[in-house]
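Peer 1: Got a structure here, written out as structure tokens. Questions coming.
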Amino acid sequence: MTPDLPDQWEVAPEPGWVEPALAGEFPGLSIVSTTLEASTGRSPEALRERLRSLSDRIGGSQAIQLRQQAIPWAYRVFFRHIGLDPDTTRTPIEQLIFERIHDGAFKSRNRVDDALTIAMVEVGVAMRAFDADRVEGRIGLRLSAEGESFEGRVSPLPDGTIVVADEHRPLGILFERTAEGRGVRRGTSRVMLVAIGVRGVPDIALEEALWVAGSALRA
Amino acid sequence: MPEELLERTDLAEVPIAPQEDLVPPAPPEGLDTVLYEHDERAARADLRRQIAAMELALARLFGSAFPRKGIDFAVAGMGGPRLLSVDELERVRDGLAARIHDVSHRLHDAAYVEEKNRELIEEMTADPASYKWVRVNNADIGEPGCKHWHSRPKWGPVGLLMDWWRVKISSGCPLAKGLRPPEPLMPTKRQRRKRRRQRGAQPPQTQPAAVGLDDAKRAAAARRKATPAKRPEALWGSFPLSELVVLIGVILLIVGFAMQAPVTVVVGLGLAALAGVELAAREHFTGYRSHNVLLAGAAGTATFSLLLVSTPTAPVACLAAGVIVFGGSAWLLVGAFRRRSGGAAYRIKP
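Below, the structure is given as structure tokens:
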């Protein structure tokens, strides 16, 4: 008997813009996004089962060798380049592996976070998700202007901070906090998945990460 | 590893020294020219390439350092995420270089010590008596796990007296503490009896079913799993205090008999019994091996002796009190052992 296959979903990655000053300093820095209709809330059993099976595949030895692998190493290098200490502010993939070792498993949080966890662990690419209805125009990376801030932040951003932004305002600090109300919340119907690439991470990996996360979100 | 991160993109392989007369003086602050920006960009790109190479070297050192502990791999960040200046990138690069240097030296020193410890294990194994009580752990030779080599007297106090030594190799990490051991998969004897009574007079099965056999095997496996891998250590660690107390007790007994001194004999007996009870209690209350009768007997005997010596109670009443204490203690001890051993009422062989 032929099993019922889920409807195939093709990712349509939309390249984001990068401010010329940043692109000149960091060749290879890129941001790619895709938007899809998806419900939020508790993960279905299939997604949680996938998370459990992923937990079984990741252990201490992978954690030790992680920073020698091409993509995680590229992110560590980029963190050094932008003034972050990757041992204090961990790269997204290292943070996930740390939590896996600490908690004994990848804990299920919600549908979107679980989908991002699966994609990031499978591919190694840094990802984020935003409420697509609250993003105005195309998404990109730029340096913050003087005195600029975003929702939920009391003090202005330090001048020249690298931010993820839409065409009007910052949506969050790169690899750090998201602006209040811009992330995926209960009731979000359209999710924008974002993959951030750095030098050393191939474009195909970004596309694959978006596809894995999107497929998991639609499961 | 993507080589492009380590490649020079903006610089020639051999840097060309700028001609001094072609380089204009530095402009005032806030009036940076395109030329200066370009020059700094090239320097920043070169520093980033160096940082990438050093990060890779540090990552390899991190991988090779496992399972050694206490090595610091941290290199302070500059506060970001933002564009770093040449000066800041230089500080990151210098921090990485210093950390690589430090970690390499630490690993080199650790490798030397570990090699010496391996030689020590070989020497200990060849001649244990020359390395009395020496203990070498897996961590001392840079290996993961809890295995250790320990030079100890053979057969405890006997080996200590006769100077018979051996190297005992212990493997396996101690069980995690804090949580209760798993409940047995098979019901305990008491539960089985209770169920049998509830079911009424059903004829016992002559041949156990395959499922029952499987359950019994699983229950046995669960019990074995709950059993500590080795005899629990005393509060005072590996120091042979109990053995020494027994030795002193035996010496006092011999001296007491030889000199016909009853007090010395009683003290010797008391010391020897104390050491024995301590060992039995330690094994019993950690679920390693049950000593229900011995410990209950010690409590009953102590009660009987105390009442008889210190009170004017009749000997029969003292005996009755001793028997009651014996029975009560035995009941409590069985319960205590069952809780700690994963359901077994007794265990003779660990």
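Protein chains in written order, with my numbering: chain S, 1 to 219; chain G, 1 to 350.
Ideal placement from N, C-alpha and C gives every residue a C-beta, glycine not left out.
Remember, it's a predicted structure, so these values are computed and weren't measured experimentally.
(1) From the DSSP output, which residues share a beta bridge with R128/S?
(2) Following the continuous alpha helix (DSSP H) through R356/G, name the residue where it begins and the one where it ends.
(3) What's the C-alpha gap between G270/G and D163/G?
(4) Identify every run of the beta strand (DSSP E) within the segment 20-49 of chain S, keeping only runs that are complete inside it and at least 3 residues long; order them along the chain.
(5) In angstroms with no decimal places, state the Cα-to-Cα distance between L107/G and G335/G.
(6) In the segment 36-112 of chain S, which residue ranges form an unbroken alpha helix (DSSP H) of at least 4 residues, counting only runs that do not cross its ends?
(7) Near E257/G, what residues of its chain come up, given a Cβ to Cβ distance below 8 Å and the 5 sequence neighbours on each side ignored?
(8) Taking the C-alpha atoms as reference points, what is the distance between E45/S and R90/S?
(9) Specify the secondary structure class of V11/S as computed by DSSP and reduced to three states.
(10) Name the two residues that bound the continuous alpha helix (DSSP H) containing W211/S.
(11) In the segment 73-94 of chain G, which residues sit with their C-beta less than 8 Å from some C-beta in chain S, listed in chain order?
(12) Between which two residues does the alpha helix (DSSP H) containing K116/G stretch?
(13) Measure the beta-carbon distance from E180/S to E148/S and round it to whole angstroms, keeping in mind my assumption that it falls under 8 Å.
(14) How is the beta strand (DSSP E) around P170/S delimited, first residue to last?
(15) Short of 7 Å in beta carbon distance, which residues of its chain neighbour E122/S, apart from the five on each side in sequence? Order them along the chain.
(16) Note down, in chain order, every chain S residue with its Cβ under 7 Å from the Cβ of L56/G.
(17) Checking 9 Å against the spacing of the C-beta atoms, do G160/S and L83/G come in under that value?
(18) Give me the DSSP bridge partner(s) of H150/G.
(19) For the segment 59-73 of chain S, which residues have a beta carbon sitting closer than 7 Å to at least one beta carbon of chain G?
(20) Using a 10 Å radius around the Cβ and a threshold of 16 neighbouring Cβ atoms, would you call P86/S buried or exposed?
(21) With a threshold of 9 Å between beta carbons, is V18/S in contact with chain G?
(22) Using DSSP bridges, identify the partner residues of L143/S.
(23) Would you say A59/G faces chain S, with C-beta separation under 9 Å as the test?
(24) Give a yes or no on whether the minimum CB-CB distance between A21/S and chain G is below 9 Å.
(25) So R80/S contacts chain G; which residues on that side make the cut at Cβ distance below 7 Å?
(26) Between V103/G, P67/G and E123/G, which has its C-alpha nearest F73/G's C-alpha?
(27) Run through the DSSP bridge pairs and tell me what G63/G is partnered with.
(28) Determine the chain G residues that contact L174/S at a beta-carbon separation under 7 Å, and present them in chain order.
(29) Between the alpha carbons of S64/G and A165/S, how many angstroms are there, rounded?
(30) If you follow the alpha helix (DSSP H) that M259/G is in, where does it begin and where does it stop?
(31) Please report how far the alpha carbon of A344/G lies from the alpha carbon of S290/G, in whole angstroms.
(32) Any beta-carbon of chain S closer than 9 Å to the one on F66/G?
(33) What does a CB cutoff of less than 6 Å around S329/G pick up in its chain, not counting 5 residues either side in sequence?
(34) At the level of alpha carbons, what is the spacing between S53/S and T188/S?
(35) Is it true that the segment 204-219 of chain S meets the segment 31-41 of chain S, where meeting means three or more beta-carbon pairs spaced less than 8 Å apart?
(36) In chain G, which residues lie less than 9 Å from T91/S when you measure between Cβ atoms?
Peer 2: Let's see:
(1) V194/S
(2) Residue coverage of chain G in this structure runs from 1 to 350, which leaves residue 356/G outside it and unanswerable.
(3) 26 Å
(4) 30-37
(5) 51 Å
(6) 45-57, 60-65, 70-81 and 92-103
(7) Checking the displayed sequence, the identity of residue 257/G turns out to be Phe instead of Glu. Closer than 8 Å at Cβ, skipping near neighbours: V265.
(8) 29 Å
(9) coil
(10) D203 to R218
(11) F73, A74, V75, A76, G77, M78, G79, G80, P81, R82, L83, L84, E88, L89 and V92
(12) V86 to A126
(13) No, E180/S and E148/S are not in contact; Cβ-Cβ is about 15 Å, not under 8 Å.
(14) P170 to I173
(15) V212
(16) W73
(17) yes
(18) R135/G and K168/G
(19) I64, Q65, R67, Q68, A70 and W73
(20) buried
(21) no
(22) I162/S
(23) yes
(24) yes
(25) I51, E55 and V92
(26) V103/G
(27) DSSP output for G63/G lists no bridge partner at all.
(28) P81
(29) 40 Å
(30) L241 to M259
(31) 9 Å
(32) yes
(33) A296 and A299
(34) 28 Å
(35) yes
(36) Here the premise fails: no neighbours, minimum Cβ distance about 12 Å.
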